[in-house]
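Undergrad:
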Amino acid sequence: MSLKQLDVRGEICPYPMMKTVQALKKLTPADAGLEVTTDHAPALETIPTQAARLGYTAVIEETGTPEWKIRLTRQSS
Amino acid sequence: MNQPLGLGQKRGGLLAGQPLPRHLQRGLLATLAAAGIWLAALGIDAEMALFWGYGLAFGFVLQRSRLCFASAFRDIFLLQHGRTLKALLAGLAVATVGFGLVMSKQIPNPTLGFLPPTANVLPIGVHLVLGGLIFGFGMVVAGGCVSGSVYRMGEGYVASWVSFGGILLGLLGTAYTWNWWWDFSIAEGPRIWLPTYLGHGGALGLTLLALLGTYLAVVWWESRSGIVIPESPFVGREGPDFRTRLGDNLRQLFVHGWPVVTGGLVLGALNVMLFYTAHPWGFTGELSRWMLGLSNALGFGPGTLQGAADLPGCTLEVGGEQGLLHHMLFLVWGMVMGSFVGALFAGEFKLRRPRQPRRYWQAAGGGLLMGVGATLAMGCTIGAFFSAIPSLALNGWVFALCLTAGAWLGVQLIQRYE
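Going down the list, the protein sequences come from chains L and Y.
What the first sequence shows, in this note's numbering, is residues 153 to 229, in sequence order.
What the second sequence shows, in this note's numbering, is residues 443 to 860, in sequence order.
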């Protein structure tokens, strides 16, 4: 299943995290999760933290560029 | 898959006849440029070269640990976690001990009522309360305080350059009202240095206890939020041979973000070194010197500022006779350069432009407010807080409380209007 995409590149602190939380709250049970593209390094810590509170696990992909992809999927309960 | 990053791999790459990764080439080039400026500064004045070095170190550490003073206060409310604030408390504890030692040499008998000449013991009053509130609000709206903006300028955040412009304008604009504030509140404000009342040991002990108490309060606050996520650990290649070990270590230093508490501790130690050299860390005074020097030279400046020259810390500086070349100029731009070098080596430099025009207004407006707040409080999160609490000065704690309240107000705003 493909993940919904969210692009928060260019955003200033703390909007990458806030927009991710909003998008996570809008996901329907049909969505497998969310993939966030960000160029804001502090978000690598804040997004997984806030996502965990909503029941998502995070996997960060380092692309070798100043951009990262964070894959957020539902924790299997 | 994984491109080898870090200086250790670089030599291997060269030996194998491969070109250096581009971000390493750029990082080395920027390091050379920084060294060149250091040599040029040395040609003018040894102190300027020294402060360029301090600036590079502060900027590099801020970039590597991604330490943002604004987020330390903001995330208490926004995320209900205090990882960054706890890092600052650890740094403050280190600086407090160091500052205490230096000041005990400067003023052996504190109960006589003399104040250490360069420590940030500043007048307390309405100006300080308002300054803290306005600054705290502004830094959350702008998405970074003064030091945060300075290090993100080096990482390529366009909005931070806009914030920086706002800060400069805020400092200049408020300078026109300085004399009014001086008569209204600053002149009469008590400058309370704890060792005057408690002796060196007592003041040091009380400050460390207060830091510990704050730390416990933060942990309690975090514990109410339920979940706490551990920091993402560094995963190396884990090979046993020397080259892999060295590569892992260099990656950890230059590529992977440092744990924020490491950043706090190193900044605390650097602040002690700087205080021992000349005066505590802080630079809004220097920013005001550019603006006031320029505006006065062009004939539209605010002119004489009552009493400002006699106050330490980041109080407005008229500048003038020394011109632009001042050791603090090298500290400020050294911070931008240090962060730039750190970001290049990490492969994190990128010109980042917000897509929504509103963000530029936010950056400029937040910056302007920080300029206003820093004038009234005679410093930013560095001069009036990170250097004031270790000065064993009561004004540091007053500013910290008001900063927290201002940050809370800012969080209310950004949560309502995205």
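Backbone N, C-alpha and C fix where the C-beta goes; we use that ideal spot for every residue, glycine too.
If you're wondering where the values come from, they're calculated on a predicted model, not measured in any experiment.
#1: My assumption, with CB atoms under 8 Å, is that residue 757/Y sits in contact with residue 727/Y. Please give the rounded CB distance.
#2: What residues in its chain sit with their C-beta under 7 Å from that of residue 457/Y, if we drop five residues either side in the sequence?
#3: Please look up how many angstroms separate the CB atoms of residue 789/Y and residue 216/L, rounded, as I've assumed it's under 8 Å.
#4: Can you list, in chain order, the residues of its chain with a C-beta nearer than 6 Å to that of residue 631/Y? Leave out the 5 residues immediately preceding and following it.
#5: Quick one: list the residues of chain Y neighbouring residue 183/L, beta-carbon separation under 8 Å, in chain order.
#6: Give me the residue from 703/Y, 614/Y, 767/Y with the minimum Cα distance to residue 813/Y.
#7: Does DSSP put residue 835/Y in a helix, a strand or coil?
#8: Enumerated in chain order, which unbroken segments of the beta strand (DSSP E) with a length of 3 residues or greater are wholly contained in the segment 789-851 of chain Y?
#9: Of all the options 786/Y, 843/Y, 545/Y, 825/Y, which has the alpha carbon lying nearest to the alpha carbon of residue 470/Y?
#10: Measure the alpha-carbon distance for residue 502/Y versus residue 737/Y and round it to whole angstroms.
#11: How many angstroms separate the CA atom of residue 822/Y from the CA atom of residue 195/L?
#12: List, in order along the chain, the chain Y residues whose C-beta lies closer than 7 Å to that of residue 193/L?
#13: What residues from chain L crowd round residue 674/Y, counting only those whose CB sits closer than 8 Å?
#14: Among all the DSSP beta bridges, which residues are the ones paired with residue 180/L?
#15: Mind reading off the beta-carbon distance from residue 805/Y to residue 482/Y? Whole number of angstroms is fine, and I expect it under 8 Å.
#16: Does residue 205/L have its Cβ less than 9 Å from a Cβ in chain Y?
#17: Below 7 Å CB to CB, which residues in the same chain sit around residue 220/L once its five sequence neighbours on both sides are set aside?
#18: Just the Cα atoms here: how many angstroms apart are residue 802/Y and residue 809/Y?
#19: The alpha helix (DSSP H) with residue 597/Y in it runs from where to where?
#20: Give me the Cα-Cα distance between residue 732/Y and residue 589/Y, rounded to the nearest whole angstrom.
#21: Sorted by chain position, which residues of the same chain lie with C-beta nearer than 7 Å to residue 546/Y's C-beta, five sequence neighbours on each side aside?
#22: Hey, which unbroken runs of the alpha helix (DSSP H) at 4 residues or more fall wholly within the segment 614-653 of chain Y?
#23: Residue 528/Y: buried (16+ other C-beta within 10 angstroms of its C-beta) or exposed?
#24: Are the beta-carbon atoms of residue 769/Y and residue 711/Y separated by less than 9 Å?
#25: Give the interface partners of residue 513/Y over in chain L, defined as CB-CB distance under 8 Å, in chain order.
#26: For residue 448/Y, would you say it is in contact with chain L, using Cβ-to-Cβ distances shorter than 9 Å as the test?
#27: Which of the three DSSP states, helix, strand or coil, is assigned to residue 775/Y?
#28: Should residue 622/Y be labelled buried (16 or more other beta-carbon atoms within 10 Å of its own) or exposed?
#29: With a Cβ-Cβ cutoff of 9 Å, do residue 851/Y and residue 579/Y count as a contact?
#30: Leaving out the 5 sequence neighbours to the left and right, which residues in its chain are closer than 6 Å to residue 745/Y when beta-carbon positions are compared?
#31: For a quick check, are the C-beta atoms of residue 598/Y and residue 792/Y less than 9 Å apart?
#32: Write down the C-beta distance between residue 796/Y and residue 601/Y rounded to the nearest angstrom, noting that I regard them as a contact closer than 8 Å.
#33: Taking 9 Å as the cut-off, decide whether the C-beta atoms of residue 222/L and residue 188/L are in contact.
#34: Among all the DSSP beta bridges, which residues are the ones paired with residue 210/L?
#35: Could you check whether the Cβ of residue 680/Y sits closer than 9 Å to any Cβ belonging to chain L?
#36: What residues in the segment 781-811 of chain Y bring their beta carbon closer than 9 Å to a beta carbon of chain L?
TA: Quick answer:
#1: 6 Å
#2: Per-residue confidence for residue 457/Y stands at a pLDDT of 45, beneath the threshold of 50, marking its modelled position as unreliable; no derived number is given.
#3: 7 Å
#4: Beyond the five residues adjoining it in sequence on each side, residue 631/Y comes within less than 6 Å, by CB distance, of 565, 566, 567 in the same chain, given in chain order.
#5: Simply none; closest approach about 22 Å.
#6: 614/Y
#7: DSSP places residue 835/Y in strand when its eight states are reduced to three.
#8: none
#9: The shortest Cα separation from residue 470/Y among 786/Y, 843/Y, 545/Y, 825/Y belongs to 786/Y.
#10: 32 Å
#11: Between residue 822/Y and residue 195/L, the C-alpha separation is close to 24 Å.
#12: 508, 699, 790
#13: 196, 197, 200, 212
#14: Answer is none; residue 180/L lacks a bridge partner.
#15: Their Cβ separation, rounded to whole angstroms, is 32 Å, which puts residue 805/Y and residue 482/Y out of contact at 8 Å.
#16: Using a CB distance cut-off of 9 Å, residue 205/L counts as an interface residue toward chain Y.
#17: In the same chain as residue 220/L, and ignoring 5 residues on each side of it, the C-beta atoms closer than 7 Å to its own belong to 190, 196, 212, 213, 214, in chain order.
#18: 10 Å
#19: 588-597
#20: 17 Å
#21: 642
#22: 620-623
#23: buried
#24: No; because the gap between Cβ atoms is not below 9 Å, this pair is not in contact.
#25: 165, 166, 194
#26: Summary for residue 448/Y: the model assigns pLDDT 45, below 50, so the residue's position carries little reliability; its value from the coordinates is reported in the next sentence. No, no contact with chain L.
#27: helix
#28: exposed
#29: yes
#30: none
#31: yes
#32: 5 Å
#33: Yes; because the gap between Cβ atoms is below 9 Å, this pair is in contact.
#34: 224/L
#35: no
#36: The residues in question are 785, 788, 789, 790, 791, 792, 794, 795, 796, 797, 798, 801, 804, 805.
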